[in-house]
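*Asks:* Counting in this note's numbering, the sequence shown tops out at residue 953, every number present.
Using N, Cα and C, we set each Cβ at its ideal position, and we do this for glycine too.
Predicted model, so just to flag it, every value in this text is computed and none were measured.
The structure that follows is given in the form of structure tokens.
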Amino acid sequence: MGDVQMEVRMMDAITVRLCGNPEVKRGMEKLSFPYKKAEGFFYYLCVKKSVTREEVISLLWGDEGESAGKKKLRDAIYQVRQVLGREALLTSGHTGISLNPERKIHIDLDAPESEREEGAVFLDHFFIKNCYEFEEWAESVRASLAEAATLDAQRGLEAAAREHDIAKMQACGNILLKNDPYNENLYYEIMNLYAGNGSYHMAIRLYYDLVKVLKEDVGEEPSARTRELFHRIFNMKERVPSVGNGIAEVDYVGRERELFQVSGILAQENGDRMNFIAVEGEEGVGKSRFLDCCRRISAGTKMISLVAVCYRQGAEFFLSPWNDIFQDVRQLAEEGALSGMIPEGMRNLPGLSGALSADGESGHMRYQLIEQSMLDLFRRISEKHRILLAFDEIQWMDQVSFQLLVRLVRSISPDRLKVICTYQGSYEAAVMHQLEVLVREDRIRFIALQPFSQEETEKILLRALPEMESRPEERQEIYELTEGNAFFLKEMIAIIREKGFTLEKTPKINLVISSRLSGITDQEREVLGCMAIFPEKISIEELELLLNGVDRLQLIRALDRLQRGNLVQEVLVGWEVYYKFVHRIFQEYIYEHQSAGKTQLYHKMLANYYEQRYGDNFAELPVIAYHYGRAHNEVRAFQYQIRYLQEFYTIINENFPIIHSDVSDLGDSFAVMAEAEKMLGLAKQVIQLQDNSREVNEMKMQMHYIMGRHDIAAGEYDSGIANIERSMVIARRLNARKTLLACYRQHIFHGIQTNAVEKVDQYVSMGLGIIGEEERDEYATFLRLRGWYLIRRQEYAMAKEILGKAISIFRLLSEREGGEEKYKASIAACYSYIGDIYRWQERYEQALQYYNEAVHIGQGPVATNGMAQIYSNIGQVKYLQGRYTESHIYLDKARESLERNGYRWGLERTEVYLALVSLADGHRDAARIHYEKAKIISEKIGNPLTEQLLRETETQLGI
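Given below as structure tokens:
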């Protein structure tokens, strides 16, 4: 008994800590070595894994003779084996020594760096007296680890900056600075990254750390470059609003990096000719507020800021925006900031916008005079002040104003004049045409403002409306409605504060949308009205269906104009072109303001169109149901929802379903389709309908069946059987034999799940008794189930004959109907049952042959639960053969598939066998986890064979 306990103790896992103070443990017991060189030898081996005797002698006993060195190495090996167990080290002849890879020795250096002790030094405080070679090796390892940690931290810092993860940035930055504390360039880089993510206080704190380190340790101060960066960041902190609870600051969330780019360009005084910033974004994205913040930043650098807004109506008036600029200059001159700067010839000019006519010699002469005067004016100002010119909505700037702007930018030093303008992306081509010269000269930095991401939207909502913390569905609805558009989001926050949660649009939103739509033609409005009917995208063919008689070329031209107006966009799916609204909020506005009669007619047309064209396509059933529902044809909508549910849960709730070919297009996606769960809720609405017509009774019959099948598959037998019985009552009343057979099958599946063999026999016989000659697929299915019953009765020869007959019928049906996919699962099930026969006879290799054939036949684009059951059977047989690694692979594959579909029967037995395999491999903790999961599921399923396996597992676990 003592030897056994010793062996078990010696086989316990050994953990080795090399980073920090070194330590070796067996379980919770701390181990120690009799002398330092034996300990150092083991640590060296932990790093190298395999060494030669010569290199160890040279490392630890290099100052001694060869014979003495060999003798001391032999003793060190002996001492290590005494401490750790003989099996811990392997020796190969007289040259090699290595750690035994099969011995459980967990070394911290082998784990990912994230799992090691942060900042720990390799073999900290471990020294071997007068053993300089060992200390030199340890230092080389420390240097190598530090270099690797620096590289990982650098990558982590860059990744964290991209992900806006300030905590991770700080952790990685600390590692880098600890390894290189006097590297000013490193401080500069990290300060830049902090500021680019809006964490100005962290960047400022880091600067003060640098000042302190340089002053105390080397008696220096930061370079001018770093000081300039600090002042720029401090200016950002003072001028850029932080996101608080007010909705006014919404525009600045997620814009930190762009604003910091702007601050860098504004601060440049190094002759860099890039002094023009063009900010592009859709309407309502926050361009004007961004421009306002850029002006605040410029004020912090003592720049003269001059701003003008360009208006659509002003595009016809030459120099209209410059008139605003000139008025700003006049005001500043009167206030004394620009005293004496305005040239004499401009002082009495009443206004620039009225000073030119559109044509004529006098107009040209007048422009030349104004241009020269403006150049003189800005040259004078730039001698004493740095200037920022800011233009909002520059797409509405007139051509003459563009000419003057380009001339100014090219005439005045880029260090003294900076320009920022905003424009809508849909007008980019026109704006770039006017600025072509500056683009060619590489003077423009382009910045694109994107709508807020979902994460940024949630951040804004939770700060503005903290009560929404526990209402993620409402936050999701707001994001889907606004799509991250800053203007829409601010308006939604305002109305929710006033009225509580609502998706109602504010008057401002409606005004903006109405204004956007005011300039479109009747034909374009008609196109948008048709597009609004679709929940997502629409094809050109579908538009032609609704716009009967419209020429396709005219339609495409209308769509092109709507794209240029940034109202719709093209979506490519493969080679097919579809169209959708740029903003869902525009779609909803148009849908709500369209006449009810027209809307209902469009939905009816589309429902009929899809029904005729795609009525048998599984993926289109929800679309048909949607349009019938919106056309107020409730019965037809319910019928298509029921068809969808019936097909969907045939795959989810049955092991070996007869699959329609169109379902196979979905691949594995059906396992996660949340829409089916929503539609299941509609089943209750159908059941509660008061109409007693045959049509409605058929729907109720089908819904009871779907719900019953769902509950039986989940182990909810009472409610499941009750619903199946209700379906059977209606089926008998309506003489619906196909549904009655389906209900019999559910009773049979209940019997299989609970191993109620006689119940299976009863309902198989009832089913075979009513099947008509034309229902060959039903006949073959019930033969297959009869085969299962005969196997449980140990009538193996008859079972094999019956299953062979079922296979023949299924193959014949496949050939006749040309639907190979439809019966693949059924044929695979028959082969699997034959495999069961050989398994019960303990003829495992033959069982595996049939299981593997079942896998080969049953594989397809839709992974059924039955395939998972076959994988589980293979894993169980391989366990019985002692092939534990292979067994685990198949069992785990089965577990993953069953869990993905939420299917319980078979999962409990798979978990039991995973527990048994884990025990066979010595993984008791994993075995206990699998056992607990199996026990919970088994309590629902109630299969006595599984319960017997659980008792065997409990015995092995000592429970």
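What is the rounded straight-line gap between the Cα of Ser866 and the Cα of Val562?
*Replies:* Position 872 of the sequence shown, counted from the start, is the residue given in the question as residue 866. Position 568 of the sequence shown, counted from the start, is the residue given in the question as residue 562. Near 51 angstroms, if we compare the C-alpha coordinates of Val562 and Ser866.
*Asks:* Asn229: which of His621, Leu443, Tyr194, Ser881 sits nearest, CA to CA?
*Replies:* Walking along the sequence shown from the start, residue 229 turns up at place 235. Comparing Cα-Cα distances from Asn229 to each of His621, Leu443, Tyr194, Ser881, the minimum goes to Tyr194.
*Asks:* Near Tyr817, which residues of its chain fall below 7 angstroms by C-beta distance, leaving aside the five closest residues on each side in sequence?
*Replies:* Within the sequence shown, the letter at position 823 stands for residue 817. Result list for Tyr817: Ile652, Phe804, Leu807, Ser808, in chain order.
*Asks:* Using the C-alpha atoms, what's the distance from Pro938 back to Lys968?
*Replies:* Limits of the chain in this structure are -5 at one end and 953 at the other, which puts residue 968 out of reach.
*Asks:* Along the chain, where does the beta strand (DSSP E) that runs through Gly90 open and close?
*Replies:* Working through the sequence shown from its first residue, we reach residue 90 at position 96. Per DSSP, Gly90 belongs to the beta strand (DSSP E) from 90 to 93.
*Asks:* Counting beta carbon pairs with one atom in the stretch 126 to 138 and one in the stretch 156 to 165, are three or more of them shorter than 8 angstroms?
*Replies:* As far as the Cβ criterion goes, the stretch 156 to 165 does not touch the stretch 126 to 138, which means the pair count is below three.
*Asks:* Just how far apart, CA to CA, sit Glu141 and Ala862?
*Replies:* Here residue 141 corresponds to residue number 147 of the sequence shown, with the count starting at 1. Here residue 862 corresponds to residue number 868 of the sequence shown, with the count starting at 1. One C-alpha to the other measures close to 47 angstroms.
*Asks:* Find out if the Cβ-Cβ distance for the pair Phe254, Gly294 is shorter than 8 angstroms.
*Replies:* Numbered from its first residue, the sequence shown carries residue 254 at position 260. Numbered from its first residue, the sequence shown carries residue 294 at position 300. Contact flag unset, no.
*Asks:* Just confirm the distance between the C-beta atoms of Leu540 and Met599, as a whole number of angstroms; I'd bet it's less than 8 angstroms.
*Replies:* Along the sequence shown, read from residue 1 onward, the residue named residue 540 stands at position 546. Along the sequence shown, read from residue 1 onward, the residue named residue 599 stands at position 605. Contact flag correct, Cβ pair sits at about 6 angstroms.
*Asks:* Starting from His100, trace the beta strand (DSSP E) both ways and give me its first and last residue.
*Replies:* Locating residue 100 in the sequence shown gives position 106, where the first residue counts as 1. His100 -> beta strand (DSSP E) spans 99 to 101.
*Asks:* So, does the stretch 825 to 837 touch the stretch 775 to 789, judging by three or more C-beta pairs under 8 angstroms?
*Replies:* With the cut-off at 8 angstroms, the stretch 825 to 837 and the stretch 775 to 789 touch.
*Asks:* Nearest-angstrom Cα distance between Val74 and Phe27?
*Replies:* Residue 74 sits at position 80 when you count from the first residue of the sequence shown. Residue 27 sits at position 33 when you count from the first residue of the sequence shown. Rounded to the nearest angstrom, the two C-alpha atoms are 7 angstroms apart.
*Asks:* Along the chain, where does the alpha helix (DSSP H) that runs through Gln840 open and close?
*Replies:* Within the sequence shown, the letter at position 846 stands for residue 840. That run of the alpha helix (DSSP H) goes 838 to 852.
*Asks:* Classify Lys484: buried if its beta carbon has 16 or more other beta carbons within 10 angstroms, exposed otherwise.
*Replies:* Looking up residue 484 in the sequence shown gives position 490. Label assigned to Lys484: buried.
*Asks:* Please identify the residue among Leu371, Tyr421, Glu586 whose C-alpha is closest to the C-alpha of Leu402.
*Replies:* For the purposes of this step, residue 402 is taken as residue 408 along the sequence shown, with counting starting at 1. Per the Cα distances, Leu371.
*Asks:* Could you spell out where the alpha helix (DSSP H) holding Lys872 opens and where it closes?
*Replies:* The residue labelled residue 872 in the question sits at position 878 within the sequence shown. Start and end: 859 to 874.
*Asks:* Check whether the stretch 392 to 411 touches the stretch 274 to 283, counting contact only when three or more Cβ pairs, one atom from each stretch, lie closer than 8 angstroms.
*Replies:* Segments in contact, no.
*Asks:* Val690: which of Ala631, Arg739, Asp203 sits nearest, CA to CA?
*Replies:* Translated into the one-based positions of the sequence shown, residue 690 becomes position 696. Among Ala631, Arg739, Asp203, the Cα nearest to that of Val690 is on Ala631.
*Asks:* Closer than 7 angstroms to a non-hydrogen atom of the ligand ATP - does that hold for the CB of His577?
*Replies:* As far as ligands go, the structure on display features none, and thus does not contain the ligand ATP.
*Asks:* Do you know how far the Cα of Leu260 is from the Cα of Ser407?
*Replies:* One-based indexing of the sequence shown puts residue 407 at position 413. One-based indexing of the sequence shown puts residue 260 at position 266. Rounded to the nearest angstrom, the two C-alpha atoms are 13 angstroms apart.
*Asks:* Ser44 by DSSP, collapsed to three states: which one?
*Replies:* Here residue 44 is taken as the residue at index 50 of the sequence shown, counted from 1. Note: Ser44 maps to strand in three-state DSSP.
*Asks:* Do Tyr176 and Thr220 come within 8 angstroms of each other at the CB atom, strictly closer than that value?
*Replies:* Translated into positions along the sequence shown, residue 220 becomes position 226. Translated into positions along the sequence shown, residue 176 becomes position 182. No. Outside cutoff.
*Asks:* Buried or exposed for Ser589, please, with buried defined as at least 16 other CB atoms from any protein chain shown within 10 angstroms of its CB.
*Replies:* Position 595 of the sequence shown holds residue 589. Looking at its Cβ environment, which holds fewer than 16 other Cβ atoms inside 10 Å, Ser589 is exposed.
*Asks:* Alpha carbon to alpha carbon, what distance is there between Ser713 and Ile700?
*Replies:* Looking up residue 700 in the sequence shown gives position 706. Looking up residue 713 in the sequence shown gives position 719. So the two alpha carbons sit approximately 12 angstroms from each other.
*Asks:* Using the Cα positions of Arg889 and Ile8, report the straight-line distance between them to the nearest angstrom.
*Replies:* For the purposes of this step, residue 889 is taken as the residue at position 895 of the sequence shown. For the purposes of this step, residue 8 is taken as the residue at position 14 of the sequence shown. So the alpha carbons of these two residues sit roughly 32 angstroms apart.
*Asks:* Across which residues does DSSP place Ser86 in a beta bridge pair?
*Replies:* Position 92 of the sequence shown, counted from the start, is the residue given in the question as residue 86. Paired residue(s): Gly90.
*Asks:* Three Cβ pairs or more, each shorter than 8 angstroms: is that satisfied between the stretch 315 to 323 and the stretch 441 to 461?
*Replies:* Verdict: no, contact absent.
*Asks:* Around the Cβ of Ala619, are there at least 16 other Cβ atoms within 10 angstroms (buried) or fewer (exposed)?
*Replies:* On the sequence shown, residue 619 is found 625 positions in, with the first residue counted as 1. It counts as buried.
*Asks:* Exposed or buried, Gln682, counting other C-beta atoms within 10 Å across all chains shown (16 or more means buried)?
*Replies:* Position 688 of the sequence shown, counting from 1, holds the residue named residue 682. Looking at its Cβ environment, which holds fewer than 16 other Cβ atoms inside 10 Å, Gln682 is exposed.
*Asks:* Rounded to whole angstroms, what's the CA-CA distance from Gln76 to Gly150? Just pull it up for me.
*Replies:* Position 82 of the sequence shown, counted from the first residue, corresponds to residue 76. Position 156 of the sequence shown, counted from the first residue, corresponds to residue 150. The straight-line gap from Cα to Cα measures roughly 43 angstroms.
*Asks:* Which residues in the same chain as Arg578 place their Cβ atom closer than 8 angstroms to its Cβ, once the five residues preceding and following it in sequence are excluded?
*Replies:* Your numbering for residue 578 matches position 584 in the sequence shown. Excluding positions up to five away in sequence, the list reads Glu474, Leu475, Glu477.
*Asks:* Is Asn479 buried or exposed, if buried means 16 or more other CB atoms sit within 10 Å of its CB?
*Replies:* Walking along the sequence shown from the start, residue 479 turns up at place 485. It is buried - the Cβ of Asn479 has at least 16 other Cβ atoms within 10 Å.
*Asks:* What does a CB cutoff of less than 6 angstroms around Val431 pick up in its chain, not counting 5 residues either side in sequence?
*Replies:* For the purposes of this step, residue 431 is taken as the residue at position 437 of the sequence shown. Closer than 6 angstroms at the Cβ level, and outside the excluded window around Val431, lie Val400.
*Asks:* Would Ala625 and Gln594 qualify as a contact pair, given that the criterion is a beta-carbon distance under 8 angstroms?
*Replies:* Your numbering for residue 625 matches position 631 in the sequence shown. Your numbering for residue 594 matches position 600 in the sequence shown. Result yes, Cβ atoms of Ala625 and Gln594 sit closer than 8 angstroms.
*Asks:* Excluding sequence positions up to five away, which residues of its chain have a Cβ less than 8 angstroms from the Cβ of His587?
*Replies:* The sequence position of residue 587 within the sequence shown is 593, counting from 1. So no residue of the chain qualifies.
*Asks:* Taking Cβ positions only, does Glu178 come closer than 8 angstroms to chain C?
*Replies:* Of the chains in the structure shown, none is chain C; there is only one protein chain.
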